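Numbering (the working numbering), first residue to last: 4 to 68.
For reference, the structure discussed in these notes is given below.
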């Protein structure tokens with residue numbers, strides 16, 4: 004058996020794209036951009052949380068004081 008051409012079930016892998024399972028060859032489901040909306044303003048929230056973490060770390064370690 005050539006392991007580069009066959010999946011675990013012994014059947015040939017027909018799908019070779021990045022959107023396919025490398026073992027079974029089954030294509031992954033596709034989602035439209037509207038379904039993956041996520042949390043609005045996520046980047047802003049993460050930036051504020053990171054800045055707050057850095058500020059508290061600097062304050063607690065007495066870097067400026």
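Where is the CB? At the ideal position from N, CA and C, for every residue including glycine.
This structure is a prediction, so every number in the text was calculated from the model and none was measured.
Nearest candidate by alpha-carbon position, reference residue i, set the options
{"i": "residue 1", "options": "48, 22, 54", "result": "As shown, the chain starts at 4 and ends at 68. That puts residue 1 outside it, with no answer to give."}
Per-residue DSSP class, three states only, for residue i
{"i": "residue 64", "result": "coil"}
{"i": "residue 23", "result": "strand"}
Cutoff 8 Å; reference residue i; Cβ partners in own chain excluding five residues on either side
{"i": "residue 61", "result": "67"}
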